[in-house]
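Student:
In this note's numbering, the protein residues as written are 13 to 278.
(1) Pull up the distance between the alpha-carbon of residue 108 and that of residue 86, whole angstroms please.
(2) Span of the beta strand (DSSP E) holding residue 249?
(3) Grab the span of the beta strand (DSSP E) containing residue 94 for me, first residue to last.
(4) Using only CA atoms, which one of 186, 258, 266 lies nearest to residue 45?
(5) Taking residue 279 as the reference, which of 114, 245, 119, 112 has the closest Cα?
(6) Identify which residue in 37, 210, 123 has its Cα closest to the Cα of residue 97.
(7) For residue 20, which of 70, 61, 79 has the nearest alpha-carbon?
(8) Is it right to say residue 243 is buried, meaning 16 or more other beta carbons lie within 10 angstroms of its own, or is it exposed?
(9) Does DSSP put residue 226 in a helix, in a strand, or in coil?
(10) From residue 113 to residue 83, what distance separates their C-alpha atoms?
(11) Please report how far the alpha carbon of residue 196 lies from the alpha carbon of residue 67, in whole angstroms.
(12) Between residue 194 and residue 235, which are expected to be in contact by the criterion C-beta below 8 Å, what is the C-beta distance as a whole number of angstroms?
(13) Got a sec, what are the start and stop residues for the beta strand (DSSP E) residue 157 sits in?
(14) So what does residue 276 bridge to, in DSSP terms?
(15) Can you name, in chain order, every residue of its own chain whose Cβ lies under 8 Å from the Cβ of residue 262, other than the five neighbours on each side?
(16) Could you check whether residue 13 and residue 73 sit closer than 8 Å to each other, using their CB atoms as the reference points?
(17) Got a sec, what are the start and stop residues for the beta strand (DSSP E) residue 127 sits in?
(18) Taking only runs that begin and end inside the stretch 95 to 150, name each unbroken beta strand (DSSP E) of 3 or more residues, in chain order.
(19) Let me know if residue 30 comes out buried or exposed under the rule of 16 or more other beta-carbons within 10 Å of its beta-carbon.
(20) Tell me where the beta strand (DSSP E) around residue 177 begins and ends.
(21) Quick one: residues in its chain with C-beta nearer than 7 Å to the C-beta of residue 99, no 5 flanking neighbours on either side, listed in chain order?
(22) From this set, 126, 241, 156, 77, which residue's C-alpha is nearest residue 143's C-alpha?
Take a look at the structure:
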């Protein structure tokens, strides 16, 4: 995680962002701290990245890269406004003992924001931010199956805004964010899918952090919480509205360093 010392709406690169609707720094800090405390209470060991002035979206560490064992495939951001984050992330990963792998030139790839394991399969969101060829390149390096999922709604510009693996066989998703092929592919490859309603998708219901049978998410998602509770999951909601102003929530604010609970790496 990265504290929100310099978080703010300094540019507009997705439909959620508007420089005329700024985040409140004090409230954003309180909300980030609350999420930190929730995750800490779930026995997560949290490592911190030092904030950097001029990189307001560095707080969204999920986009830094895709973790695979002791390696990390570094992001190559599509928008110039975020490209300065990668050298900062790379230095942190190397200091932490990870082998860093840089993407080929022009292979846009936005890390765990667009690449999520569910079982042995890498589900890869593409078109709006990441390129399908970048996803195929990453999957080839890992020798795993990749299922490309075309994202068709600019409001759900990263895969982790509309899809969240819970376990090897379960996932949350928002169907309208995907094209027809993507919806069918998810149904074929994930045995148990939990759809979220539009109102809760807009509250970033799918942008949740899963730790075992515990799920941390934004407030305002009662139907999803009920569905998860019925499946044996405990839910922990905490307000993250200040980060939704930039198009992010719980999952965006974290990067799992030891592999997601739903991942079965080849």
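Using N, Cα and C, we set each Cβ at its ideal position, and we do this for glycine too.
Tutor: According to the structure shown:
(1) Taking the first residue of the chain shown as position 1, residue 108 is located at position 96. Taking the first residue of the chain shown as position 1, residue 86 is located at position 74. About 14 Å.
(2) Residue 249 sits at position 237 when you count from the first residue of the chain shown. Residue 249 -> beta strand (DSSP E) spans 246 to 249.
(3) Position 82 of the chain shown, counted from the start, is the residue given in the question as residue 94. From DSSP, residue 94 is part of no beta strand (DSSP E) but of the alpha helix (DSSP H) over 92 to 95.
(4) Indexing the chain shown from 1 puts residue 45 at position 33. The shortest C-alpha separation from residue 45 is found at 266.
(5) Outside the shown range of the chain, which is 13 to 278, sits residue 279, and nothing can be said about it.
(6) Your numbering for residue 97 matches position 85 in the chain shown. Proximity to residue 97 across 37, 210, 123 peaks at 123, based on C-alpha coordinates.
(7) Against the chain shown, residue 20 aligns to sequence position 8. Measuring from the Cα of residue 20, the nearest candidate turns out to be 70.
(8) Position 231 of the chain shown, counted from the start, is the residue given in the question as residue 243. In this structure residue 243 is exposed. Its beta-carbon is surrounded by fewer than 16 other beta-carbon atoms within 10 angstroms.
(9) Mapped onto the chain shown, residue 226 falls at position 214. In this structure, DSSP gives residue 226 an extended state, which the three-state scheme calls strand.
(10) Numbered from 1 along the chain shown, position 101 holds the residue referred to as residue 113. Numbered from 1 along the chain shown, position 71 holds the residue referred to as residue 83. Going from the Cα of residue 113 to the Cα of residue 83 covers about 7 Å.
(11) On the chain shown, residue 196 is found 184 positions in, with the first residue counted as 1. On the chain shown, residue 67 is found 55 positions in, with the first residue counted as 1. Between residue 196 and residue 67, the C-alpha separation is close to 38 Å.
(12) Residue 194 sits at position 182 when you count from the first residue of the chain shown. Residue 235 sits at position 223 when you count from the first residue of the chain shown. No, residue 194 and residue 235 are not in contact; Cβ-Cβ is about 22 Å, not under 8 Å.
(13) The residue labelled residue 157 in the question sits at position 145 within the chain shown. Note, residue 157: beta strand (DSSP E), 157 to 162.
(14) As a working note, residue 276 is residue 264 in the chain shown. Its beta-bridge partners do not exist; DSSP assigns none.
(15) As a first step, residue 262 is located in the chain shown; it is residue number 250 there, counting from the start. Once the five neighbours on either side are set aside, the close Cβ partners of residue 262 are 47, 216, 219, 220, 221, 228, 229, 230, 250, 252.
(16) If you number the chain shown from 1, residue 73 lands on position 61. If you number the chain shown from 1, residue 13 lands on position 1. Contact flag set, yes.
(17) On the chain shown, position 115 is the one that residue 127 refers to. Where residue 127 is concerned, the enclosing beta strand (DSSP E) stretches over 127 to 130.
(18) Correct list: 111 to 113, 127 to 130, 133 to 138.
(19) Residue 30 sits at position 18 when you count from the first residue of the chain shown. When all chains shown are included, residue 30 counts as exposed.
(20) Position 165 of the chain shown holds residue 177. For residue 177, the uninterrupted beta strand (DSSP E) segment begins and ends at 175 to 177.
(21) Locating residue 99 in the chain shown gives position 87, where the first residue counts as 1. In its chain, beyond the 5 residues on either side, no residue has a beta carbon closer than 7 Å to the beta carbon of residue 99.
(22) Taking the chain shown and counting its residues from 1, one reaches residue 143 at position 131. If we check each option's Cα against that of residue 143, 126 comes out closest.
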